[in-house]
Every structure is written in C-alpha cells, then in structure tokens.
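J.:
In my numbering, the protein residues as written are 807 to 1113.
#1: For residue 902, which option in 1012, 1050, 874, 1108 has the closest C-alpha, if you only look at C-alpha atoms?
#2: When the distance is taken between beta carbons, is residue 1113 closer than 7 Å to residue 1068?
#3: Do the stretch 1051-1062 and the stretch 1071-1088 touch if we need at least three Cβ pairs shorter than 8 Å?
#4: What first and last residue would you give for the alpha helix (DSSP H) that runs through residue 866?
#5: Which of helix, strand or coil does DSSP assign to residue 910?
#6: Quick one: residues in its chain with C-beta nearer than 8 Å to the C-beta of residue 822, no 5 flanking neighbours on either side, listed in chain order?
#7: Are the CB atoms of residue 927 and residue 849 nearer to each other than 7 Å?
#8: Should residue 1005 and residue 966 be called a contact, given that it needs their Cβ atoms to be closer than 7 Å?
#9: Please report the straight-line C-alpha distance between residue 1003 and residue 973, rounded to a whole angstrom.
#10: For residue 972, report the span of its alpha helix (DSSP H) as first-last.
#11: Please state if the CB of residue 951 and the CB of residue 863 are separated by a distance shorter than 7 Å.
#12: Quick one, which of 1037, 859, 877, 908 has its alpha-carbon nearest residue 817's?
#13: In whole angstroms, what separates the C-alpha of residue 980 from that of residue 839?
#14: Considering only the alpha carbon of each residue, which of 929, 1053, 1090 lies closest to residue 964?
#15: Could you give the residue range of the alpha helix (DSSP H) that holds residue 892?
#16: What's the C-alpha gap between residue 753 and residue 851?
#17: Terminal residues of the continuous alpha helix (DSSP H) containing residue 841?
#18: Where does the unbroken alpha helix (DSSP H) through residue 1014 begin, and where does it stop?
#19: In whole angstroms, give me the CA-to-CA distance for residue 807 and residue 912.
#20: At which residues does the alpha helix (DSSP H) containing residue 1059 begin and terminate?
#21: In angstroms with no decimal places, state the Cα-to-Cα distance between residue 1052 and residue 1082.
#22: Taking the alpha carbon of residue 916 as the reference point, which residue from 1108, 845, 1090 has its own alpha carbon closest?
#23: Residues in its own chain within less than 6 Å of residue 1092 by CB, not counting five upstream and five downstream?
#24: Over what stretch of residues does the alpha helix (DSSP H) that includes residue 824 continue unbroken?
#25: Going by the CB atoms, is the gap between residue 1084 and residue 1098 shorter than 7 Å?
#26: What does DSSP give as the partner residues of residue 1021 in its beta bridges?
#27: Please classify residue 1035 as buried or exposed, where buried requires at least 16 other C-beta atoms within 10 Å of its C-beta.
#28: Below 8 Å on the Cβ atoms is my guess for residue 997 versus residue 971; work out the distance and round it to an integer in Å.
#29: Rounded to whole angstroms, what is the Cα-Cα separation between residue 995 and residue 1017?
#30: For residue 1110, I'd like the list of residues in its chain whose CB is within less than 7 Å of its CB, leaving aside the five on either flank, ordered along the chain.
#31: Skipping 5 residues on each side, what residues in its chain have a beta carbon closer than 6 Å to that of residue 999?
#32: Going by DSSP in three states, residue 932 sits in which element: helix, strand or coil?
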C-alpha cells in the first residue's frame, strides 16, 4: 500500500518540480514499482542538492551528506540547516523541508524495498562524497582531474549505474516474471551500462562548464588546450557512451510491459539524441550548451509509447 505522503498533492508537486522529464517515466511505471522508484529518486535528489550547493563549504557538504546517510540507513533524524535551505532553489528547499515525511515513507515500505533503497543510496552518496573530495576545491586556477578511465567509470557507476541495478532489482521484486523476458543475471549488466551511459552523456554535455571551473572529468585532458583539441577525448567517450547505450536498448527491449518499456526507454532515446548533437557540435556550440529541442522531446515520448 502506498504511503499517504506519496498519494498527497505535495508529493506530486515536489516530484514534478525536481524531476523534470523523469517525472514522465515515474508516472508510466507499473503501480508496484512506482513507490520505490519515486522514493529512491526523491532521496537521491535530496542528497544531490546537498552535494551541489556550491555556496556551502565542501567540508560542511560532506558532513551533511554523512548526516543524511545516517538518516537513510539508521533512521536518525535529519533536519536541513537554515544555511543550506537559504542556498537552495525554491523547489529544492521544499524537497529538503519535507525530509521527515520522505523518511517516514521509507520506514513504512515493504522490507525488501527498504533494503534496495538503502543499498542504492549508500552507493550514490559514496559517489557524491568522492566527487566533493576530488573536485570540491577545483577552480579556474586550480585544476583537478580524474587519473584514469577506471575512476571515471567507477564514478559513473556510483551515481548512475547503480540506479539501473536498483531499477532492475525493484522490478523483479514487484513484478516477478512480468518484469522481463530475460533473467536478472542478464539484465543487471545491461542496467549498469545503461546508467553509466546516461551519466557519461551528462558529463560530456557539461564539459565546457566543468573545464572552466577546473573540473577535468575526462582523464588525460588537463594538458590539452581547451577547445578543438578537447573534442578528440570527448568523441572517444561519446563512442563509449553510445556503446553502453546499446546495452541500454537491449535492456529496454527485454522488458515485458508496454508502459514499463516506455518509461525506461524514454531516457535512452533522449540520451541518444543528445549524443548525436554532441558528436556534430563544434567547441563553440558546446560552450553555448547543446540541448534537445522540446519538439524532439515530444517525438521521443511518442516513440517511447510505441516501443
């Protein structure tokens, strides 16, 4: 049974305001998956807000993430401090102010779903803390860089690949054989690569902004001139993202329910459109930020419903 907060207008408004296009995917999910996926999203979005609030010191953000993780794992109370709330957007502030209701929802869930939510949040928060430790003090004058491909892929797993695994475990738990035509042993690696692809696309889209801030997510790039020379490394990782997204499409094709396939394939279709645009973009166009037009988003939604 759904927790009363999930059924409330407040929860719907929060989800709409903080999840953007992902809200469409959540609403298309089978009822049995919707609670766990929505709660997992809100918890991860809350920790992401803590990690990304740049006006709060790195040390304070790491400390707050530790507090937040204890609340998720052990049920300890978490009240967002005023200095954090004052630095958030209005939607993020409402999200954090509702933390007690969200944690109450977690504690009243099916025991297996609680375990799955706590497991994925532990991995996500570990990735967010690592990101702060590596890049929290980066600046235009002080460049920080991931040392190798392993670190980049590990980061993509911690903040996104694990979400694909969570989605899969939740689906098999709530839907059983109706979730997928393939067994969980086949679906989990596809799910992991799917999530990693989505995170790589985010990194590659935001590359110029991160470089200006001294954050070099792509290994072996700190000595390169920012501009066209950087595109060589960017294209290498675009190819890797496209390869991982191929596994993501195999994952989507294996899902049984039409709405479930639509909910899952929509992010893949949008990521594919973004990769196509990034592949063709000049460095100047990347600096202006590559976006998928609203008309293309609606086309992808229509394609997802027919997938």
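Don't be surprised by glycine CBs; every beta carbon is placed ideally from N, CA and C.
T.: With the given structure in hand:
#1: The residue with the shortest Cα to Cα distance from residue 902 is 874.
#2: A contact, by the Cβ cut-off of 7 Å.
#3: yes
#4: From DSSP, the alpha helix (DSSP H) with residue 866 extends over 864-880.
#5: helix
#6: 829
#7: Judged by beta-carbon spacing, residue 849 lies within the 7 Å limit of residue 927, meaning their Cβ atoms are closer than that value.
#8: yes
#9: 15 Å
#10: 968-981
#11: Not closer than 7 Å, so no.
#12: 908
#13: 6 Å
#14: 929
#15: Run containing residue 892: none; DSSP gives neither H nor E here.
#16: For the chain, the structure presents residues 807 to 1113; residue 753 sits outside this window and is missing.
#17: 837-858
#18: 1013-1018
#19: Residue confidence is low: residue 807 scores 44 on pLDDT, short of 50, so the model does not pin down where it sits. No coordinate-derived value is stated.
#20: 1034-1060
#21: 14 Å
#22: Closest in C-alpha terms to residue 916, from the list 1108, 845, 1090, comes 845.
#23: 1014
#24: 815-825
#25: no
#26: 950
#27: exposed
#28: 5 Å
#29: 31 Å
#30: 1068, 1071, 1072, 1075
#31: 1050, 1053
#32: Per DSSP, reduced to three states, the secondary structure at residue 932 is helical.
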